[in-house]
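Protein chains in written order, with the numbering used here: chain X, 1 to 160; chain V, 161 to 320.
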DNA sequence: GCTGAAAGACGGACGTC
DNA sequence: GACGTCCGTCTTTCAGC
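Okay, here's the thing in structure tokens:
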């Protein structure tokens with residue numbers, strides 16, 4: 001256990017630069033990364049592996065432009081449930097997780113109970129999804145849809 | 161123009177598999193990807209480059225575990241502004257964008273006007289940020305902070 | 001969509017401080 | 001204990017077909 005904690009605590013300025021760089025470009029080579037963080041190849045490589053192994057780096061993902069991939073509609077959904085018991089929470093969460101168009105869902109403290117992000121091809125597809133699946137979830141008291149007008153700050157790198 | 165649109169429309173089942181794969185693991189080699197999508201190396205490579213060039217793939221990012229990177233506190237902020245004029249919007253958006261701890265901000269249709277995600281080291285840091293920078297933004301009528309209790313669905317791949 | 005060849009990246013081992 | 005250099009192997013990338 002101490003070893004694991006040691007790893008996290010041992011994160012120095014170079015590790016932070018590595019994290020910032022890999023958040024900016026997750027597919028750059030170790031060679032390129034090493035130059036940018038002013039380190040030679042093999043220690044840079046070791047640090048990246050250590051950050052991956054310790055779980056600080058959870059993974060690498062391609063970011064897709066939803067519109068260009070044919071998914072032109074994005075909505076946020078505020079969900080309020082009727083009763084705060086554990087089976088209601090469990091049902092709602094399971095049902096949400098089973099919908100592929102639900103790309104993000106968070107349970108919140110306070111009102112609303114959930115914040116859900118939904119992506120579909122079009123408004124029509126969203127309406128269908130809303131009527132056929134979302135309104136049917138048992139235990140939901142209120143659903144409020146909100147459209148995103150503009151991304152002011154979109155998924156900025158964490159300030160490590 | 162037709163050429164560009166042609167590219168997007170020409171996205172077939174293999175392209176969708178490629179997008180799904182690269183969303184799952186953005187750092188896998190072209191060799192590995194080619195095997196997974198049942199394609200030989202060079203056409204697979206060409207498709208990935210085309211998807212990048214057309215902007216369907218916007219980039220690749222490392223995903224960092226905020227807690228393990230020392231950023232243990234995450235809050236959502238609902239922002240309502242006092243007057244819907246363009247200079248108020250512009251000011252609020254500029255001020256939000258200037259705060260590194262603001263990792264996501266979206267302007268919405270309806271209430272609230274903005275949904276903002278903030279990440280800090282601790283509750284104390286958040287309080288300081290809230291008092292010293294967030295409450296000071298001119299044109300803001302109401303700020304409501306909500307804590308995330310649990311990520312039910314976290315940044316799932318788009319259903320391409 | 002395949003093949004081949006050059007350039008480059010990966011991922012060890014080993015020596016230095 | 002962490003950095004740096006070297007080197008064999010694999011991957012990428014760009015031809016031509």
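Even glycine gets a Cβ: it sits at the ideal position worked out from N, Cα and C.
Cβ shell of residue i (< 6 Å), same chain only, five flanking positions each side left out
i	result
residue 103 of chain X	117 and 119
residue 95 of chain X	137
residue 145 of chain X	75 and 77
residue 188 of chain V	none
residue 88 of chain X	81 and 139
residue 186 of chain V	220
residue 51 of chain X	57
residue 23 of chain X	157
Residue i burial status per 10 Å Cβ neighbour count (16 or more: buried)
i	result
residue 261 of chain V	buried
residue 109 of chain X	exposed
residue 173 of chain V	exposed
residue 287 of chain V	exposed
residue 15 of chain X	buried
residue 209 of chain V	exposed
residue 283 of chain V	exposed
residue 206 of chain V	exposed
residue 107 of chain X	buried
residue 257 of chain V	exposed
residue 213 of chain V	exposed
residue 226 of chain V	buried
residue 222 of chain V	buried
residue 90 of chain X	exposed
residue 10 of chain X	exposed
Chain V contact for residue i (CB, 8 Å cutoff)
i	result
residue 146 of chain X	yes
residue 87 of chain X	no
residue 19 of chain X	yes
residue 119 of chain X	yes
residue 105 of chain X	yes
residue 138 of chain X	no
residue 159 of chain X	yes
residue 134 of chain X	no
Short CB-CB distance (under 8 Å) between residue i and chain X
i	result
residue 289 of chain V	no
residue 192 of chain V	no
residue 269 of chain V	yes
residue 310 of chain V	yes
residue 186 of chain V	yes
residue 199 of chain V	no
residue 302 of chain V	no
residue 315 of chain V	yes
residue 283 of chain V	no
Chain-order list of residues whose beta-carbon lies under 7 Å from that of residue i (same chain, five-residue window excluded)
i	result
residue 204 of chain V	190, 193, 194 and 197
residue 143 of chain X	77, 79, 134 and 135
residue 192 of chain X	Only positions 1 to 160 of chain X appear in the structure, and residue 192 of chain X is not among them; the question remains open.
residue 149 of chain X	none
residue 230 of chain V	281
residue 153 of chain X	none
Other residues of its chain near residue i: CB distance less than 8 Å, five sequence neighbours each side excluded
i	result
residue 201 of chain V	190, 191 and 194
residue 165 of chain V	Note that residue 165 of chain V has pLDDT 42, beneath the 50 cutoff, so the model's placement of it is unreliable and no number is given.
residue 132 of chain X	none
residue 180 of chain V	317 and 320
residue 199 of chain V	174 and 207
residue 83 of chain X	139
residue 130 of chain X	143 and 145
In DSSP terms, what residue i is bridged to
i	result
residue 274 of chain V	V:239 and V:267
residue 61 of chain X	V:221
residue 153 of chain X	V:265
residue 234 of chain V	V:279
residue 302 of chain V	V:240
residue 147 of chain X	X:75
field: Residues within the region 51–72 of chain X neighbouring chain V, beta-carbon criterion of under 8 Å
entry: 54, 55, 56, 57, 58, 59, 60, 61, 62, 63, 64, 65, 66, 68, 69, 70 and 71
- request: Output, in sequence order along the chain, the residues in the region 235–261 of chain V whose CB is closer than 8 Å to any CB in chain X.
  value: 236, 253, 256, 257, 260 and 261
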